[in-house]
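Engineer:
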C-alpha cells in the first residue's frame, strides 16, 4: 500500500522521540523538573516519569460488530505509553499535573488508521485558606481514537471505533470542576461544587453524542461519631446537545441521603439513596408533529427515577486492597429519540501484592442501560423522517482487565496483561444487534520508572 513505509517511519520517529525524552529526563538533561503525580494524588517525590512498551494481540481493534457480513480483522500491535507527573505540596497550597500519551500500531490493518493515539492531561490546584476552608480547581482533558468503554457508556456515547475515508474519528472529553470545602462547625461541614463537561466526537455518531454539561452540587455532611458521617446531597445537571437539541436537551435534579462509615481503619463503607427528576424540554408547540398537549406542546416532560449507590473498600495489607460498588441512576442516552436511560452499574477492583516484587491488578465493570420509548412509532417518523423505530431495549457493556507485574529492579518491571471488552445492543424492533461486539487484547511488556 502506498504511503505505509512513510507512516511506519513517522511512527518510529515518534517512538524514538519519546525514548529520547524519557532517557533525557533520567539523565537530567532537560529542564522538566515540574511535572508529576496524578491529579489530586499525593506522592513521595515531586517528579516522576514512566514509559511502558507493549507487544500484544488484539482480536478486534476496529470493534467490528459480530453481526457484520465482513470478516472481523485482528492484528498484533506495538504500543508505547510515556507519562510525566509533578506534585507540589506547600504550606497552604497543593498542585499536581500529569500528562499521559499512548500510541498503538496495528500492522495487519494496513490502512491510514493503523496508528492510533490517545492523550490525557490532568491538573489540580488546592488552596487551604484556614483549617476550615479550602478551594480546589481541577481539569481533566482526554483526546482519544480508542473507545474507553466505562467512560463512554456513562456519557451516552457508543463505545465504537469510527473509521472513514480520512482515517479515524476522535473523541474529546474535557471535565472542569471548582470545589469549595467548608467546615461550618466541629460536626457540620459542606461541599459546594461546579462542573462543566464538553464531549465532542467525530464520525457518524457525532449528532447523538456531542453535548455540553453544566452542573451544581451541594452536599452537607454531619459527623454523628468519628466513624460515621451522614450526608444530604442536592445535584443539578443541565445537558445541551449540539444537534437535535429541540428534543434531547434536558436537565436533571437529584436529592439523596446517605452515610459514610469506617468499620475498621482498613474497612470503609459508603451508601446513598434518593430520587432523580429528569425534565425533557420537549419540542416547540407544533401539533403537526406531536398531538396537542403531548410531547411537543412546549411543556416540560418530567420523569422520576430512583437513585441508589453503595461502595466499600477493604485494605487488608499495606499495598493490597479490594473494592466494590453498585449504582442505579439516570444515564445519558446515545439514541436520538431518548434523552436518558435507567442504568445499573457494578464495579469490582482487586490489587494484590504477592511479594515485594510480584503483584496483580484486576478490575471488572458492568453497565446495563434500559431504554423505554418516549415516542410512539408514528411520532418518531414525524420527528425524524426515515428513522428506524426500535422500541424498548437495552445496552450491556462489560470490561475486565488483569495485569501481572514483576519488578526486576526499582526502576524496571515486566508486565503481562489481558483486557476483555463486550458491548451488546438489543432492541425489540428493527435492531439486528447493531454495533454489538467483543474484543480481547493480550500483551507482554516492560515499564521503566524514574
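Numbering (my numbering), first residue to last: 150 to 599. Note that CB positions come from ideal geometry on N, CA and C, so glycine has one too.
Which same chain residues, not among the five before or five after residue 276, have their C-beta less than 7 Å away from its C-beta?
Structural biologist: The answer, listed in chain order, is 241, 242, 283 and 284.
Engineer: Within 10 Å of its beta-carbon, does residue 572 have 16 or more other beta-carbons around it, so buried, or fewer, so exposed?
Structural biologist: Around the Cβ of residue 572, a 10 Å sphere holds 16 or more other Cβ atoms; the residue is buried.
Engineer: Confirm, please, whether the CB-CB distance from residue 204 to residue 597 is below 8 Å.
Structural biologist: no
Engineer: My output table needs one value for residue 200: the three-state DSSP class, helix, strand or coil.
Structural biologist: strand
Engineer: In the DSSP output, which residue or residues are listed as bridge partners for residue 194?
Structural biologist: BP columns for residue 194 are empty, so no partner.
Engineer: Would you report the Cα separation of residue 456 and residue 495, rounded to the nearest angstrom?
Structural biologist: 14 Å
Engineer: Along the chain, where does the beta strand (DSSP E) containing residue 303 start, and where does it finish?
Structural biologist: Unbroken run through residue 303 is the alpha helix (DSSP H), 298–303; no beta strand (DSSP E).
Engineer: Counting Cβ pairs closer than 8 Å, one from the stretch 220–229 and one from the stretch 322–330, do we hit at least three?
Structural biologist: no
Engineer: Measuring straight from C-alpha to C-alpha, what distance separates residue 447 and residue 488?
Structural biologist: Because the pLDDT at residue 447 is just 47, under 50, the model does not fix this residue reliably, and the value given afterwards should be weighed accordingly. Cα to Cα, the separation comes out at about 16 Å.
Engineer: Between 267, 310, 368 and 351, which lies nearest to residue 332 when the distance is taken from Cα to Cα?
Structural biologist: 368
Engineer: Three Cβ pairs or more, each shorter than 8 Å: is that satisfied between the stretch 521–534 and the stretch 543–555?
Structural biologist: no
Engineer: Let me know if residue 584 comes out buried or exposed under the rule of 16 or more other beta-carbons within 10 Å of its beta-carbon.
Structural biologist: Classified as buried, residue 584 has 16 or more neighbouring CB atoms from the shown chains inside 10 Å of its CB.
Engineer: What residue does the beta strand (DSSP E) around residue 570 start on, and which one ends it?
Structural biologist: 561–576
Engineer: Quick check on the burial criterion: 16 or more other C-beta atoms within 10 angstroms. Buried or exposed for residue 590?
Structural biologist: The residue in question, residue 590, is buried, as its Cβ has 16 or more Cβ neighbours within 10 Å.
Engineer: By how many angstroms is the C-alpha of residue 216 removed from the C-alpha of residue 327?
Structural biologist: The straight-line gap from Cα to Cα measures roughly 44 Å.
Engineer: Going straight from the alpha carbon of residue 182 to that of residue 426, what length do you get?
Structural biologist: Only weak support exists for where residue 182 lies, its pLDDT of 28 falling under 50; the value from the coordinates is given anyway. Residue 426 has its alpha-carbon roughly 48 Å from the corresponding atom of residue 182.
Engineer: Could you name the residues of the same chain whose beta carbon sits closer than 6 Å to that of residue 298, not counting the 5 residues immediately before and after it, in chain order?
Structural biologist: 308, 546, 548 and 570
Engineer: What residue ranges within the stretch 212–265 form continuous beta strand (DSSP E) runs of no fewer than 3 residues, ordered along the chain?
Structural biologist: Whole beta strand (DSSP E) segments, 3+ residues: 224–238 and 242–254.
Engineer: Could you have a look at residue 529 and say whether DSSP puts it in helix, strand or coil?
Structural biologist: helix
Engineer: Taking the CB atoms as reference points, tell me whether residue 421 and residue 372 lie closer together than 8 Å.
Structural biologist: no
Engineer: Return the bridge partner residues of residue 405 from the DSSP annotation.
Structural biologist: 382 and 423
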